[in-house]
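Undergrad: Quick one: this structure, given as structure tokens, is what I'll be asking you about.
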Amino acid sequence: MAYVDLYCERIAPGLLGEPINTLSNLAFFAAAWWVWRHAAMAGAGSGRARWLAGLLALIGAGSFTFHAFATGWAEWLDVLPILLFQLVFLWRYFRDIAGWRRITTGMFLAGFAAAGVEAGNYPQWLNGSLSYLPALLVLLGIAVWHGRNGRAGWKSLAAAGGTFVVSLFFRSVDNAVCPAFAIGTHFLWHFLNAVVLALAVRGWMLGVSGAALSGRLGGVAGRRVGEPF
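Those letters in the sequence shown? Residues 484 to 712, by our numbering.
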């Protein structure tokens, strides 16, 4: 079976072809553990926060598998959990904090997913990082909206956006720095992206708890925090 050779560190097929890239995915499990431990920060949304923690662990497992086996089927295990987390996180953000209706949120997420798929058609640009541009823009956008509306947790979302820019840089230059740095920089993408996701969830947890307690959405946030996931 042909293996997928996308990153600087991999020089041969097999489980030991990308040891640093593979093991650096433990950072996602650390992020999942942190979110799980601090789920009470979300108040009535603590159960939902634990769902997000589970998705973070799923990202780590999928990426670990892909970098270990580097096959086509393993690549799907890498991509799908990331997309699922993005969609679930944004669904909960726009429902719980922004107060959007289901139809509005669903239409936005459909457009978001389509934009990501379209951007992924240009893997030659930025070492394939262009597919994450929609996620970056939306994260920065909600951080600004969050702050301008005085929501708790805006600093966490802003920090997540800033860290995301840095992590995308390291993902993009992985192959470019290969001649000078044999292991590449993709492992830094893993470490930093785990921080990004933990910060983003922290911002959501603080925001959803604050919105429900203050009643700033006229009770809508409180009801939605209690609705089925």
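Beta carbons are placed, not taken as given, at the ideal position from N, Cα and C, and that holds for glycine.
1. With burial defined as no fewer than 16 other Cβ atoms inside 10 Å of the residue's Cβ, what is the status of L535: buried or exposed?
2. Which full runs of the beta strand (DSSP E) of 3+ residues lie inside the segment 567-624, going along the chain?
3. Please determine, among V518, L541, D561, the residue with the shortest C-alpha to C-alpha distance to A532.
4. With three or more beta-carbon pairs closer than 8 Å as the criterion, would you say the segment 682-691 touches the segment 643-663?
5. Pair every Cβ in the segment 510-517 with every Cβ in the segment 670-680, then say whether three or more of these pairs are closer than 8 Å.
6. Can you name, in chain order, every residue of its own chain whose Cβ lies under 6 Å from the Cβ of F595, other than the five neighbours on each side?
7. Is there contact between the segment 646-665 and the segment 602-610, where contact requires at least three CB pairs shorter than 8 Å?
8. How is F652 classed by DSSP in three states: helix, strand or coil?
9. Just the Cα atoms here: how many angstroms apart are V691 and D561?
10. Am I right that L498 and A551 are in contact with their C-beta atoms under 8 Å? What's the rounded C-beta distance?
11. Three or more C-beta pairs under 8 Å: does that hold for the segment 538-556 against the segment 568-575?
12. By how many angstroms is the C-alpha of W583 removed from the C-alpha of F577?
13. Going straight from the alpha carbon of S546 to that of G526, what length do you get?
14. Mark D488 as exposed unless 16 or more other C-beta atoms lie within 10 angstroms of its C-beta, in which case mark it buried.
15. Expressed to the nearest angstrom, what Euclidean distance is found between the alpha-carbon atoms of F568 and A597?
16. Can you tell me whether P606 is buried or exposed? The criterion is at least 16 other CB atoms within 10 Å of its CB, across all chains shown.
TA: In short, the structure shows the following:
1. Here L535 is buried: its Cβ has 16 or more other Cβ atoms, across all protein chains shown, within 10 Å.
2. As far as the segment 567-624 is concerned, it has no whole beta strand (DSSP E) run of at least 3 residues.
3. Considering only V518, L541, D561, the residue with the shortest C-alpha distance to A532 is V518.
4. Yes, they touch.
5. Here the segment 510-517 lies against the segment 670-680, with 3 or more beta-carbon pairs under 8 Å apart.
6. Here the set comprises P617.
7. Touching, yes, given that three or more Cβ pairs across the two stretches are closer than 8 Å.
8. In this structure, F652 counts as helix in the three-state DSSP scheme.
9. Roughly 29 Å between the two C-alpha positions.
10. Contact between L498 and A551 is confirmed by a C-beta separation of about 5 Å, below the 8 Å threshold.
11. Contact between the segment 538-556 and the segment 568-575 is present, because at least three Cβ pairs lie under 8 Å.
12. Cα-Cα distance, rounded: 6 Å.
13. Using only the alpha carbons, I get a separation of about 30 Å.
14. D488 comes out exposed.
15. Rounded to the nearest whole angstrom, the CA to CA distance from F568 to A597 is 16 Å.
16. Exposed.
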